[in-house]
Amino acid sequence: MSGARDTTEETPPDRVTIEHVARKAGVSIATVSRVLNGRYGVAPDTIAKVQAVIADLGYESSLVARSMRSRRTNLIGIIVADLEPFSAELLKGAARALHDTDYELIVYSGTGRPEHKAGWERRFLSRLHGTLTDGTILVTPTVVDVQGDVPVVAVDPHAGPSDLPTVDSQNLEGAATATEYLIGLGHRRIGFLAGRPDLESARLREEGYRRALAEAGIDFDPELVKVGGYAPETAREAARQLLSLEDRPTAIFAANDLSAITTMEVAQSAGLRIPRDLSVIGFDNIPESALTDPPLTTIDQSIQDMGWEAARLLISLIEKPDEVDEVHVRLPTKLVVRQSCTNPD
Numbered sequence: 000m001s002g003a004r005d006t007t008e009e010t011p012p013d014r015v016t017i018e019h020v021a022r023k024a025g026v027s028i029a030t031v032s033r034v035l036n037g038r039y040g041v042a043p044d045t046i047a048k049v050q051a052v053i054a055d056l057g058y059e060s061s062l063v064a065r066s067m068r069s070r071r072t073n074l075i076g077i078i079v080a081d082l083e084p085f086s087a088e089l090l091k092g093a094a095r096a097l098h099d100t101d102y103e104l105i106v107y108s109g110t111g112r113p114e115h116k117a118g119w120e121r122r123f124l125s126r127l128h129g130t131l132t133d134g135t136i137l138v139t140p141t142v143v144d145v146q147g148d149v150p151v152v153a154v155d156p157h158a159g160p161s162d163l164p165t166v167d168s169q170n171l172e173g174a175a176t177a178t179e180y181l182i183g184l185g186h187r188r189i190g191f192l193a194g195r196p197d198l199e200s201a202r203l204r205e206e207g208y209r210r211a212l213a214e215a216g217i218d219f220d221p222e223l224v225k226v227g228g229y230a231p232e233t234a235r236e237a238a239r240q241l242l243s244l245e246d247r248p249t250a251i252f253a254a255n256d257l258s259a260i261t262t263m264e265v266a267q268s269a270g271l272r273i274p275r276d277l278s279v280i281g282f283d284n285i286p287e288s289a290l291t292d293p294p295l296t297t298i299d300q301s302i303q304d305m306g307w308e309a310a311r312l313l314i315s316l317i318e319k320p321d322e323v324d325e326v327h328v329r330l331p332t333k334l335v336v337r338q339s340c341t342n343p344d
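The structure is reproduced here in structure tokens:
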């Protein structure tokens, strides 16, 4: 029909390709490729024209193509078993570390499915390594004997530090500080809600609890230790067991904040007042700990700083591996006093 308009150039394609850029800029595909790769032989005004078209069309070269050309994707992967408060805070720290770099972040989550409980990192690494990421951060991995051609940093690995570069915190010292704080308030019957038995961090936190009791001359009572497992669904029953004891504890140290918050909920539903009837202290200092009623006293293990350190260490391993001296980073912990603890009656 006469008068009909050709809208080919006006309607952007579903996926912009290098051919689209070349056609709109009026240059060859080879010229666009030279501009993308910063090669010589292209006039400045042509470079400006091609770059303007790239911005206008929103063109992005594929990660695979970028990797094949430069052997770099400038992507850092973070693999987590599940997205929960700990991993969410760690992601914030890692993202902050990349603000002034050319790297971007890609997150791969197993969503906590049972089939991802053991050896999940090996399967996920095989999907990310090679053409997708330049390096990967593993969060609380179950194994650390992973193989690959790109750098890997483990955060809080299950078995503790190994030959793999790691970032963790002072779990033993932090737990001892929490227990000592309760002892200093006058508590002698202190319950402990332990973490997951397969995690080195959980073992160290229980060791810190026991050590503080011993140094204060308080006998260890196994009846006061229950496995909370770091998760609300398992911590709830463990907290009930502690609070159902005939001689119940006057204070409970939970090995992470989620378990501590669950303990407070169980206690309050049983008619106990926090902290008048029961003092509760946690470990992590996730944002939710400051929002409880009353706000939770806890041990801050600087989760965001762990993510920051892991990302900075990984970038160093990618760019200047021969200049990296320290591949095992342990961050300090500190007591954050709020309103969930007081002297026993």
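Using numbering that gives the first Met the number 0, you'd call the opening residue of the sequence shown number 0 and step up by one each time. Where a beta carbon is used, it is the ideal one built from N, C-alpha and C, also for glycine.
Between the CA atoms of residue j and residue i - distance to the nearest angstrom
i	j	result
Thr30	Trp307	39 Å
Gln50	Ala94	27 Å
Ile105	Thr132	8 Å
Leu56	Asp44	18 Å
Ala259	Leu241	13 Å
Val41	Gln300	52 Å
Glu222	Gly76	43 Å
Glu206	Asp155	17 Å
Ala253	Ser243	16 Å
Ile17	Ala80	37 Å
Asn342	Pro248	13 Å
Leu203	Ala193	10 Å
Val15	Asp99	28 Å
Ile53	Arg33	13 Å
Thr72	Asp167	27 Å
Glu114	Arg195	The predicted model places Glu114 with a pLDDT of 44, which falls under 50 and marks its position as unreliable; any figure quoted below should be read in that light. So the two alpha carbons sit approximately 18 Å from each other.
Glu245	Lys91	44 Å
Thr291	Thr297	12 Å
For residue i, the nearest candidate out of the options (CA to CA)
i	options	result
Val226	Ser243, Gly190, Ala213, Glu245	Gly190
Met263	Val328, Ile285, Leu198, Cys340	Cys340
Gln303	Val224, Pro164, Asp283, Ala80	Asp283
Pro294	Gly281, Gln169, Ala215	Gly281
Arg235	Gly216, Leu312, Leu257, Ala250	Leu257
Leu89	Glu172, Ile285, Gly270	Ile285
Leu277	Tyr102, Thr100, Val328, Arg239	Arg239
Arg162	Pro150, Asp292, Lys333, Gln267	The question names Arg, yet the displayed sequence has Asp at residue 162. Selected option, being the one with the closest Cα: Pro150.
Ile217	Leu198, Gly185, Asp246	Gly185
Val138	Lys319, Asp246, Glu318, Phe85	Phe85
Val328	Ile136, Leu312, Glu322	Leu312
Pro164	Arg188, Ala174, Ile136	Ile136
Thr233	Tyr208, Phe219, Ala211, Val265	Val265
Tyr229	Ser200, Gly134, Ala158	Ser200
Val152	Lys333, Leu171, Ala309	Ala309
Asp197	Pro140, Thr176, Val336	Pro140
Arg275	Ser288, Val336, Ala250, Glu287	Ala250
Leu82	Asp101, Leu74, Ser108	Ser108
Asp101	Ile78, Thr176, Glu318	Glu318
Glu214	Met305, Leu330, Ala21, Glu179	Glu179
Residue i - containing alpha helix (DSSP H), residue span
i	result
Arg187	No alpha helix (DSSP H) holds Arg187; DSSP gives it neither H nor E.
Ser86	84-96
Val328	From DSSP, Val328 is part of no alpha helix (DSSP H) but of the beta strand (DSSP E) over 327-330.
Leu35	28-35
Val20	17-24
Residue interval of the beta strand (DSSP E) (run including residue i)
i	result
Asp55	That residue, Asp55, is in no beta strand (DSSP E); its alpha helix (DSSP H) goes 43-56.
Thr135	134-138
Thr141	Thr141 -> no beta strand (DSSP E), and no H or E assigned at all.
Ser168	165-168
Val335	333-335
Residue(s) in a DSSP beta bridge with residue i
i	result
Asp148	The partner list for Asp148 (beta bridge, DSSP) is empty, contrary to what the question assumes.
Ser108	Val79
Glu103	Leu74
Gly281	Thr297
Contact with chain B by residue i, beta-carbon distance below 9 Å
i	result
Pro293	Although the question refers to chain B, the structure presented lacks it and comprises just one protein chain.
Enumerate, from N- to C-terminal direction, the unbroken alpha helix (DSSP H) stretches of 4 or more residues contained entirely within the stretch 208-274.
-> 231-242, 256-268
Jot down the residue ranges of each uninterrupted alpha helix (DSSP H) in the stretch 283-323, minimum 4 residues, whole runs only, in chain order.
-> 302-318
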